[in-house]
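Asker: Chains F and A supply the protein sequences, listed in that same order. Counting from 1 along the first sequence, just add 1040 to a position and that's the residue number in the working numbering. Counting from 1 along the second sequence, just add 34 to a position and that's the residue number in the working numbering. If you scroll down you'll find the structure; I have some questions about it.
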Amino acid sequence: MKLYDYILSPSCYKIRLMAALTCVKLDIHPVDFHPGAEHKGAELLALNPAGSIPILEDDDLVLTESSAMLVYLAAKAAPEWLGRASAEEAARVQQWLSFSGRLTASLGGARLTEMLLRPGDIGALQTQGVLALRELEAGLVEQSLRGMRFLAANRPTVADIACFPYVVLAPDGGVPLDPYPAIRLWSRALRGLDHFIEMPGIHRLHELKPEPHIEPGEA
Amino acid sequence: MIDEWYPVGLFSQLDPAGRQTALMGEPITVGRDAEGNTRVTGGNGRTLPVRLRYGHVWSSLGEPKKELFAIPEADQPGRRFVDVGVVRVRCSPLRAVENFLDVAHFPFVHTDILGAEPHTEVQNYKVEIREDVDEVWATQVKFYQPQAAKSASGGITTEYMYRVPAPTCSVLYKTCPPRPSEWDVITLFVQPLAEDLCDVWPWMALFDDTTSLTDLIHFQQTIFLQDRSILENQIPCLLPLDPGMEIPTRADLTSVAYRRWLKRHNYTYGAQLVAQ
């Protein structure tokens, strides 16, 4: 599977993270998104007329929507991530997968404007981002009242991976996460999963690593 | 500090229509005139001095008394020059430079790339303010790195030299894995927009014939974006120059010299002079 990837893109990170969590090996093809704007070049526009990355290729299947990629990876390698134990759970997964688009538009837009100087109405983007975060916080609190730690079930699903990156990187766009305790606990639970990988701006949980020790004679 | 040179844009991405940006609180425009010459215009329409060097456009709000600092490696054949692209950071421009000079944070912020536990010790190194060139230099900085550069395979002990030739610019010389007799050059050029806001323009001059340009850019962006969230959360926001504010350790010698040098020259835009 070939992933057209940008290391700083939260949408690309969703796919790298999902692949890591489900132990799928990706063939990473780096795209010079910034400063080169390679995703707007003829070669990639031919592959994805929308001019966005990530793009995932597997034989003759070409996917340009990150939620579709998450579902594809899960269906192939780890169906338990699809969240289809009940009608309610399946619907919740779809609900949050669609919702993740709002996070990309608002928090993702604010991040591009604040960090990489892309044009945008920063005030409006941040306001929309805060509204989306409040909705997510409320959703997580309701889930915890049902005894569930994640967005759609008591185990992580593709819905969590779809929402996680833009939420955790909200401060990059000038939107603080301090007011959302449920989001912070949820983020911690995701970062503590086996095979979790980081991206720039999303740090690993150092306290989960074994205590460092120095062998005698080692510098 | 007003008479110093500052980066204001990438030469390769000059917008003929003129890009609106800022320098130390003053709105400026960076563009091209009808003859194709690069023009930088100040807030009141006055023409500002221009230099085109190291992939970037440089300018100054005042009257620079010194020429833009030299990087001889920029003229050395065989090197690849990499425009890494701008990243905006809500921090003091001086804080951005000071972070670049620090190695002690590598194992914790750049884990498994520029450092890793338990190899956290910063060995003794030498720091001086070179009076003849009026620059801060740190030499013989050695650190164990799991992946020191894109061209490195496996962990090596990397040697660094740091140089501060201008208040918001630093040049790093670093062990070059494919050519042990040469140094890789990695710079941090910082454009001060305000005392608590800056645009950072990293640039590199490397010996590496195998790694793709995109991979080189992504490697450096990865490192810098790991720093960004830390920089935006430092307290106080301005760089403290009051010695009563913080207690440095031996590993902070470069920072101590940098702060002393800033103070001596009254380079205080983005600095906090008295602890509050």
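In this text, a Cβ means the ideal position worked out from N, Cα and C, and glycines have one as well. All values derive from a computational prediction rather than experimental measurement.
So residue 219 of chain A and residue 203 of chain A are in contact, right, with Cβ under 8 Å, and what is the actual spacing, rounded?
Answerer: About 12 Å separates the two Cβ atoms, so there is no contact after all.
Asker: Is there at least one Cβ from chain F nearer than 8 Å to residue 119 of chain A's Cβ?
Answerer: Cβ-Cβ to chain F under 8 Å: yes for residue 119 of chain A.
Asker: Counting C-beta neighbours from all protein chains within 10 Å, is the total for residue 1080 of chain F 16 or more, i.e. buried, or is it exposed?
Answerer: Classification of residue 1080 of chain F: exposed, given that the 10 Å Cβ count is below 16.
Asker: Any C-beta of chain A within less than 8 Å: which residues of the segment 1135-1169 of chain F qualify?
Answerer: Per Cβ criterion, the list reads 1154, 1155, 1156 and 1157.
Asker: State yes or no: is the beta carbon of residue 103 of chain A nearer than 8 Å to at least one beta carbon in chain F?
Answerer: Not an interface residue.
Asker: For the 8 Å Cβ check, are there 3 or more pairs between the segment 1069-1086 of chain F and the segment 1041-1049 of chain F?
Answerer: The segment 1069-1086 of chain F, when compared against the segment 1041-1049 of chain F, does touch it at the 8 Å Cβ threshold.
Asker: At which residues does the beta strand (DSSP E) containing residue 192 of chain A begin and terminate?
Answerer: Looking at the DSSP string, the run of the beta strand (DSSP E) that includes residue 192 of chain A is 190-200.
Asker: Name the chain A residues whose beta carbon is nearer than 7 Å to that of residue 1048 of chain F?
Answerer: Ordered by position in chain A, the residues that pass the 7 Å Cβ test against residue 1048 of chain F are 255 and 259.
Asker: Which ranges would you report for the beta strand (DSSP E) in the segment 1150-1229 of chain F if only whole runs of at least 3 residues count?
Answerer: Those beta strand (DSSP E) runs which fall completely within the segment 1150-1229 of chain F and span 3+ residues do not exist here.
Asker: Specify, as a first and last residue, the run of the beta strand (DSSP E) that residue 161 of chain A falls within.
Answerer: Segment 160-164, the beta strand (DSSP E) holding residue 161 of chain A.
Asker: Starting from residue 1253 of chain F, find everything on chain A with Cβ-Cβ shorter than 8 Å and list it in chain order.
Answerer: Within 8 Å Cβ-Cβ: 152.
Asker: Does the CB of residue 248 of chain A have a neighbour CB from chain F at under 8 Å?
Answerer: Cβ-Cβ to chain F under 8 Å: yes for residue 248 of chain A.
Asker: Using CA atoms only, rank isn't needed, just tell me which of A:58, A:37, A:304 and A:198 is closest to residue 105 of chain A.
Answerer: The residue with the shortest Cα to Cα distance from residue 105 of chain A is A:198.
Asker: State yes or no: is the C-beta of residue 1096 of chain F within less than 8 Å of the C-beta of residue 1058 of chain F?
Answerer: No. Outside cutoff.
Asker: What is the DSSP secondary structure of residue 1032 of chain F, reduced to helix, strand or coil?
Answerer: There is no way to answer for residue 1032 of chain F, as the model of chain F reaches only from 1041 to 1259.
Asker: Would residue 1052 of chain F be called buried (16 or more neighbouring beta carbons within 10 Å of its own) or exposed?
Answerer: When all chains shown are included, residue 1052 of chain F counts as buried.
Asker: Can you tell me which of the three DSSP states residue 206 of chain A falls into?
Answerer: Strand, per DSSP.
Asker: With distances taken between CB atoms, is the gap from residue 240 of chain A to residue 113 of chain A smaller than 8 Å?
Answerer: Result yes, Cβ atoms of residue 240 of chain A and residue 113 of chain A sit closer than 8 Å.
Asker: Can you find a C-beta in chain F that's less than 8 Å from the C-beta of residue 251 of chain A?
Answerer: True, the Cβ-Cβ gap to chain F drops below 8 Å.
Asker: Using the three-state DSSP reduction, which class does residue 178 of chain A fall into: helix, strand or coil?
Answerer: Correct three-state label for residue 178 of chain A: strand.
Asker: According to DSSP, what are the bridge partners of residue 172 of chain A?
Answerer: Bridge partners of residue 172 of chain A: A:161 and A:196.
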